[in-house]
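In my numbering, the protein residues as written are 179 to 765.
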């Protein structure tokens with residue numbers, strides 16, 4: 179619409195010169211009078227509006243030159259000359275609003291409120307509504323326009339009302355998506371057909387429909403930890419398999435059927451007095467069964483669960499020829515907390531670290547079973563982004579560890595992680611960080627004699643790690659590379675090698691074998707490397723893999739995973755960073 183009303187014409191009246199005298203002969207000749215001085219034209223007198231327009235034009239020049247303070251002064255003068263003219267006020271208000279700080283935005287609103295106090299006409303209301311809309315005050319904008327009779331609405335008012343109403347509707351849809359209220363989102367889209375053809379709404383609806391697609395995730399993972407054959411060595415293969423079956427737009431039923439082959443090798447009785455009850459007898463004891471020397475077990479970890487954006491509930495168990503089969507499961511809940519988010523979990527999970535702790539083991543001498551440790555406890559994870567380049571993660575856990583024929587043990591740990599993005603451009607991000615980890619167990623149960631648990635359990639442990647991470651994605655690829663260095667200090671108490679049976683300890687002592695493991699301080703430096711890559715082969719088919727190594731004193735695990743993710747619908751999104759399929763044993 180035109181910004182300016184018709185201007186009053188400029189004052190063009192000028193004082194006209196008097197008519198020239200006619201030449202008349204005279205006798206006798208008389209000297210002519212001196213010529214009259216020419217009249218100087220007067221400058222036109224400008225109206226208040228014309229002065230205001232000049233001030234506004236000069237203000238625009240100042241804005242173009244980056245002199246916003248001077249521009250604001252000129253526009254304020256224009257407003258002072260024309261207090262009831264809406265568009266000088268609007269120009270001043272938008273200039274203030276563009277400064278972005280809360281004080282300037284309040285000043286901008288005050289400029290238009292003062293205009294409304296001067297004039298509540300249609301134009302002033304429209305100008306104030308435009309400012310309200312650009313300040314995301316949609317309700318105020320609609321209220322201002324609604325005060326104008328509908329038959330008097332201009333095209334600009336109609337377009338503004340439609341834009342504000344659509345913006346409010348779209349904000350509501352995005353809030354529902356952000357909060358995980360997908361069923362409500364589907365209802366909002368379905369019951370408002372007039373906006374359904376809008377590109378933003380179509381995109382939201384497409385993402386929504388993809389949540390109803392059945393998905394399959396599968397991987398192969400190999401993990402190796404050096405150690406004594408048949409005792410502390412691990413060479414395990416896992417094939418995680420997860421099928422996601424959406425129940426509605428929010429809830430997904432997932433089925434887990436992981437294959438877990440936990441291999442430690444074959445025990446050599448001549449060198450394995452530190453395993454099971456072999457230290458209580460001679461290596462040549464005929465009671466030692468040859469078929470029980472192999473500590474390699476095959477089976478499955480199966481489970482079922484339901485998850486949404488807010489919670490996850492699952493229940494599962496181990497099945498197969500594992501020495502110890504037991505149930506696992508948990509309840510996880512997510513919510514916002516202050517400026518961040520909080521995840522709480524109550525769960526019972528497997529304890530990884532050795533074949534003994536994960537699946538249990540069989541004593542070659544007696545056939546008794548022990549191990550199969552389970553963590554039973556609570557955890558809390560808090561995340562907050564302080565700004566786009568700095569974030570924090572805080573983790574706290576408390577567990578009671580139980581198992582078959584092993585003592586109960588309590589575990590506590592705290593961890594704080596700070597990450598800082600130091601380089602960022604489209605498709606690339608580099609982050610440096612620092613992680614402080616504190617860990618403590620009541621008992622030291624990391625050994626492999628009968629009654630010990632086979633998992634690392636220091637009485638005090640602290641580490642400080644510094645990772646650097648490069649994450650990127652481009653042309654259907656995503657990747658992440660992380661290198662880390664750190665240092666740690668630890669302390670372990672002395673521990674009885676046969677903590678539940680003094681008779682076994684006496685028998686071991688009779689054979690000249692130790693019954694007490696002396697603890698002490700430990701620690702050192704550590705390094706690690708993780709490389710991950712993911713590729714979107716088809717719109718609904720993604721493949722990927724990662725390789726990870728850790729090197730520290732007494733702990734040198736290697737892990738490799740290859741995975742695929744497939745949607746029976748039309749799309750499976752590429753994960754950035756790459757996201758593999760976590761085995762159920764490490765939920």
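Every residue, glycine too, gets a C-beta built ideally from N, C-alpha and C. Computed from a prediction, not measured in an experiment: that's the story for all the values here.
Does DSSP classify residue i as helix, strand or coil?
i, result
"residue 202", "With a pLDDT of 42 at residue 202, under the threshold of 50, the modelled position of this residue cannot be trusted, and the question is left open."
"residue 243", "coil"
"residue 719", "strand"
"residue 638", "strand"
"residue 733", "strand"
"residue 598", "strand"
"residue 743", "strand"
"residue 207", "Caution applies to residue 207, whose pLDDT of 49 falls short of 50 and renders its modelled position unreliable; the value that the coordinates give is listed next. Looking at residue 207 - three-state DSSP - the assignment turns out to be coil, as it is neither helix nor strand."
"residue 423", "strand"
"residue 537", "helix"
"residue 238", "helix"
"residue 418", "coil"
"residue 752", "coil"
"residue 183", "Any answer about residue 183 is weak, because its pLDDT of 39 lies below 50 and its placement is not dependable; what the coordinates show is given next. Residue state, collapsed to three classes: coil."
"residue 582", "strand"
"residue 701", "strand"
"residue 710", "strand"
"residue 406", "coil"
"residue 575", "strand"
"residue 587", "strand"
"residue 279", "coil"
"residue 454", "strand"
"residue 608", "strand"
"residue 764", "helix"
"residue 224", "coil"
"residue 411", "coil"
"residue 371", "helix"
"residue 253", "helix"
"residue 757", "coil"
"residue 543", "coil"
With distance defined between alpha-carbon atoms, name the residue in the options nearest to residue i.
i, options, result
"residue 566", "454, 585, 602 and 540", "602"
"residue 556", "612, 510 and 572", "510"
"residue 732", "717, 748, 406 and 616", "406"
"residue 594", "611, 581 and 606", "611"
"residue 600", "223, 463 and 648", "648"
"residue 777", "630, 696, 653 and 614", "Only positions 179 to 765 of the chain appear in this structure, which leaves residue 777 out of reach."
"residue 677", "626, 640, 596 and 491", "626"
"residue 284", "259, 763, 315 and 337", "315"
"residue 484", "529, 424 and 462", "424"
"residue 569", "387, 579, 596 and 559", "596"
"residue 763", "685, 479, 403 and 513", "479"
"residue 246", "271, 259 and 744", "271"
"residue 524", "306, 489 and 726", "489"
By the DSSP assignment, the beta strand (DSSP E) with residue i in it spans what residues?
i, result
"residue 395", "393-403"
"residue 489", "489-498"
"residue 474", "472-485"
"residue 510", "505-515"
"residue 444", "430-444"
Tell me which residue opens and which closes the alpha helix (DSSP H) that residue i is part of.
i, result
"residue 563", "That residue, residue 563, is in no alpha helix (DSSP H); its beta strand (DSSP E) goes 547-565."
"residue 521", "Looking at the DSSP string, residue 521 is not in any alpha helix (DSSP H); the run it does join, the beta strand (DSSP E), is 518-528."
"residue 462", "Careful: residue 462 lies outside any alpha helix (DSSP H) and carries neither H nor E."
"residue 269", "264-275"
"residue 381", "377-388"
Any beta carbon of chain C sitting closer than 8 Å to that of residue i?
i, result
"residue 606", "This model lacks chain C altogether, as it is built from one protein chain only."
- Message: Does the structure place the segment 430-445 close enough to the segment 473-483 that three or more beta carbon pairs sit under 8 Å?
- Response: yes
- Item | At least 3 beta-carbon pairs within less than 8 Å: the segment 578-590 vs the segment 619-626 | yes
- Message: Suppose only complete runs of 3+ residues qualify. What are the beta strand (DSSP E) ranges in the segment 284-369, listed by chain order?
- Response: none
- Message: Closer than 8 Å is the cut-off here; do at least three beta carbon pairs connect the segment 700-717 with the segment 661-681?
- Response: yes
- Task: Ignoring anything shorter than 3 residues or poking outside the segment 613-694, list the beta strand (DSSP E) runs there in chain order.
- Result: 638-652 and 655-670
- Query: Given 8 Å as the limit, is there contact between the segment 398-418 and the segment 646-659, that is, 3 or more CB pairs closer than that?
  - Reply: no
- Query: Does the segment 262-281 come close enough to the segment 299-307 to have 3 or more Cβ pairs within less than 8 Å?
  - Reply: yes
- Using 8 Å as the threshold, is the segment 744-752 in touch with the segment 710-718, meaning 3 or more CB pairs across them? yes
- Please determine if the segment 421-431 and the segment 497-513 are in contact, where contact requires at least 3 C-beta pairs separated by less than 8 Å. no
- Message: If contact is defined by three or more beta carbon pairs under 8 Å, each pair taking one atom from either stretch, is the segment 350-362 in contact with the segment 318-331?
- Response: no
- Message: Using a Cβ distance threshold of 8 Å, determine whether the segment 379-399 contacts the segment 756-763, with at least three qualifying pairs required.
- Response: yes
- Query: Do the segment 528-537 and the segment 632-642 meet, that is, are 3 or more Cβ pairs less than 8 Å apart?
  - Reply: yes
- With contact counted as at least three CB pairs below 8 Å, one residue from each stretch, are the segment 449-457 and the segment 536-543 in contact? yes
- So does the segment 490-498 actually touch the segment 463-470, counting three or more Cβ pairs closer than 8 Å? no
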